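Accompanying notes for the structure given below.
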Amino acid sequence: MAYIKIFPIKVTVKKAISYITNPDKTDEQLLVSSFGCSPETADLEFAMTAEMGKNNVMDKGNNLAWHMVISFHPNELSDPNLAHEVGTKIADSVLKGKYEYVLTTHTDKDHVHCHLIFNATSFTDYHKYISNKRTYHKICRVSNRICKDYNLSPSMPTSETGRSYKENLAYKAGRSWKAKMKYQIDRAIWTSITYDEFLIKMKEAGYEIRQGKYLAFRAPGAINFINVKTLGTYYADDHLLVRLEKNRCQARTPLKKEQSVRLFAKMTACISEHDKAGYEHWVKLNNLKEAARTYNYLSEHNLLNYEDFKNHIADVTAAVQATETKIQNLQTKLDTQRLLQKRCDVYRHCRNIVLAEEKALNKNAYRKKHQAEYQLHDATLQELSEFGIKKLPSQEKLQKQIQKLENELASVQKERIQLQADQRTLRIVQSNFSSMLQDTDILPELFSDETEQSI
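Pasting the structure below:
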């Protein structure tokens, strides 16, 4: 399992990165990786991106970067290399190639854990990263999904309203009276409709009830009563009533029901009233509708042979997989192009400062003042040579290439949505077609003489 905490960095990024890249903690920096920057110059590149954000009027908030800590339970994951791999996948899935980051894995504690420091400003659109409950739960969902891929138990909250990170850990472990009480209140609420029913279920669970200005419970074996108001707004008296009201609304049958719901209601009414003839009539009509729907699809796509139909399903499935692969390739190309654009922008900015040295009256003082830009200039030049760039491409050319890739990616994603919709339809049609072939009473009514002549 992986536990994740995230907090802002508002003072100095250099000191934070220096701490997480400590050779004594990272196996002589073998467990250090980065994206969009070099660990040695990450603070300078973060600052450069933030400065570009200010120039593009995108500067909001005073956060310089974000620091995420990903901890693993020692009984589940103790291999630092595997932990670093999991941390990299979490970072890439959350940040989506839009933010520079430095990721390290520390082995100096009893449990392996990763430190991820990423820029608060995106180098693709210069927007600030927003950290709130919604984005935190998104990180948790990503973490749980990746943990499942590595056979690690998911442990992060995804939508538990009203619980902080620390409260959620206590809630799952059941280490406090409040955590146990929250759990029991939730169980009682989920299965209750009225307030009295909720209280009865709490009493059956062994809790003593005190009703005064505030509702309070005392757990079995506890000394004191605990007011529900101290559990958070989600468990306050008024909110409990709101949750019970939602249960009542869900329990009622909606007045405006979909056709499938109305048909189901008629069918169940026929069964409950022992109306065998009415039930058989409903089934016959419903089967005819499904059979007609299936036949229309098959005739429209010229798939009246079942083998052709199965081949059509295989073709659509292969097309979906092909679009998935194409999307991944395009996303990789787009990320690479955006990274190249970022490198070029940084290099241009630093190169202008380096060239301006010729006009400086005191060259030594000028170099000392712009020492960071000189260091970043050399680092970026080295990175561009690793990209295979000998001549710096123009900003317009890079932007056109990025725009072309973005348009192509959007087109393929739209194609994938349509193919997935076809795939869902095919599953229904396949089920209907199989049932139709097994039902000898339906076929004669569906394929009349007139229909047979048209085939």
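Note that the numbering used here has the sequence shown beginning at 928, numbered continuously upward.
Where is the CB? At the ideal position from N, CA and C, for every residue including glycine.
Given the structure is predicted, the values throughout are model-derived calculations rather than measurements.
Beta-carbon proximity check, residue i vs residue j, cutoff 8 Å
| i | j | result |
| --- | --- | --- |
| Ile1116 | Arg1170 | yes |
| Leu971 | Lys937 | no |
| Pro966 | Thr953 | no |
| Thr976 | Thr1048 | yes |
| Ala1247 | Gln1350 | Rather than Ala, the amino acid found at residue 1247 in this sequence is Val. Cβ distance < 8 Å, so Val1247 and Gln1350 count as in contact. |
| Phe1125 | Tyr1134 | no |
| Thr1250 | Arg1343 | yes |
| Lys1016 | Ile1066 | no |
| Ser1020 | Ala929 | no |
| Ala943 | Ile1044 | yes |
| Lys1388 | Val1013 | The structure shown has nothing for residue 1388, since the chain only spans 928 to 1382. |
| Asp1035 | Asp1123 | no |
| Gly980 | Tyr1077 | no |
| Ala1149 | Trp1104 | yes |
| His994 | Cys1041 | no |
| Thr1307 | Val1339 | no |
| Ile1329 | Leu1261 | yes |
| Leu1079 | Pro1007 | no |
Residues bridged to residue i (per DSSP)
| i | result |
| --- | --- |
| Ser960 | Leu1030 |
| Glu1131 | Paired residue(s): none; Glu1131 is not in a bridge. |
| His994 | Phe934, Ile1044 |
| Asn1256 | DSSP lists no partner for Asn1256. |
| Arg1137 | Ala1143 |
| Lys941 | DSSP lists no partner for Lys941. |
| Lys1055 | Thr1048 |
| Phe895 | Outside the displayed span of the chain (928 to 1382) sits residue 895, for which this structure offers no information. |
Bounding residues of the alpha helix (DSSP H) (the contiguous stretch that carries residue i)
| i | result |
| --- | --- |
| Glu1284 | Note, Glu1284: premise wrong, no alpha helix (DSSP H); not H, not E. |
| Lys932 | Unbroken run through Lys932 is the beta strand (DSSP E), 929-936; no alpha helix (DSSP H). |
| Ala969 | 969-982 |
| Ile1116 | 1104-1117 |
| Gly1014 | 1007-1022 |
| Ala1149 | Per DSSP, Ala1149 belongs to no alpha helix (DSSP H) and is neither H nor E. |
| Asp1305 | 1298-1313 |
| His1064 | 1060-1076 |
Boundaries (first-last residue) of the beta strand (DSSP E) holding residue i
| i | result |
| --- | --- |
| Asn1046 | 1040-1046 |
| Ala1143 | 1142-1145 |
Any C-beta of chain C under 8 Å from that of residue i
| i | result |
| --- | --- |
| Phe1314 | Looking for chain C here will not work: only one protein chain is present. |
Report yes or no: do three or more beta-carbon pairs, one from the stretch 1017-1035 and one from the stretch 955-970, lie closer than 8 Å? The stretch 1017-1035 vs the stretch 955-970: in contact.
Are at least three pairs of beta-carbons, each pair with one atom in the stretch 1106-1113 and one in the stretch 1152-1166, less than 8 Å apart? Contact between the stretch 1106-1113 and the stretch 1152-1166 is present, with at least three C-beta pairs closer than 8 Å.
With contact counted as at least three CB pairs below 8 Å, one residue from each stretch, are the stretch 1283-1291 and the stretch 1248-1259 in contact? Three or more beta-carbon pairs separated by less than 8 Å are not found between the stretch 1283-1291 and the stretch 1248-1259, which leaves the two stretches without contact.
Count the C-beta pairs between the stretch 993-1002 and the stretch 1331-1351 that are closer than 8 Å, then say yes if the count reaches three, no if not. Not touching, per the Cβ criterion.
Count the C-beta pairs between the stretch 1261-1275 and the stretch 1230-1245 that are closer than 8 Å, then say yes if the count reaches three, no if not. Because the criterion of three Cβ pairs below 8 Å is not met, the stretch 1261-1275 and the stretch 1230-1245 do not touch.
Taking 8 Å as the cut-off, does the stretch 1270-1281 touch the stretch 1299-1309 (at least 3 CB pairs, one atom from each stretch)? Cβ pair count under 8 Å is three or more, so yes.
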